[in-house]
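Participant:
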Amino acid sequence: MTDDSDVPRVTVRVEDESVEYVERDDVVRFPRVRTGGEILEYGTMPVERWVGFRAAEAAKDAVREELEKRVNGKISGVAIGVGSTDDGATTAVKTYHQRWRNTDGTVTGPSVSFDRLKELTPEKIDVTAKYRDETYSCSVPVELDSVVAEFL
């Protein structure tokens, strides 16, 4: 996709009761380590980065919806998650074309070929995220990979 008019867009309100905004430092404070219901350690992160993670979660759902819309139905054998871009610089939606090597040596593939999935997958999702009284906008890249898993 090269025309930005075709870029899927999503708006999300970011809320999380376990996160506290620290205005003087413009960071969020969040539970970093928990055991059971007890918080053992807190961490902090710049608000914009934290919102970016939440935006990526919204983008992940938008990728699934967009793929299903483009094939007029459900897609099987495709996993979608959130991770870092291949260079590790940015949060991205990771899309995996999954094939399974069965115990008899045969391979079971997804409902769409890798090449077709590559054509269907948007390059990015534009996200508008609202947190407190602020609005943040970002483009979340979408990366595609193929994996073969083996049944043991």
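For the sequence shown, the positions run 3 to 154 when our numbering is used.
Where a beta carbon is used, it is the ideal one built from N, C-alpha and C, also for glycine.
So what does DSSP say about E145, is it helix, strand or coil?
Facilitator: Residue state, collapsed to three classes: strand.
Participant: Helix, strand or coil, according to DSSP, for M3 in the structure here?
Facilitator: Legend: pLDDT at M3 = 42, less than 50; position of this residue unreliable, value from coordinates given subsequently. Three-state DSSP puts M3 in coil, outside helix and strand.
Participant: Buried or exposed: where does I41 fall if 16 or more other Cβ atoms within 10 Å of its Cβ makes it buried?
Facilitator: It is exposed - the Cβ of I41 has fewer than 16 other Cβ atoms within 10 Å.
Participant: So, using beta-carbon positions, are T13 and T130 closer together than 9 angstroms?
Facilitator: For T13 and T130, yes; Cβs fall inside 9 angstroms.
Participant: R118 by DSSP, collapsed to three states: which one?
Facilitator: Three-state DSSP puts R118 in a helix.
Participant: Terminal residues of the continuous alpha helix (DSSP H) containing E68?
Facilitator: Start and end: 49-72.
Participant: Alpha carbon to alpha carbon, what distance is there between T37 and R118?
Facilitator: Approximately 44 angstroms, taken between the alpha carbons.
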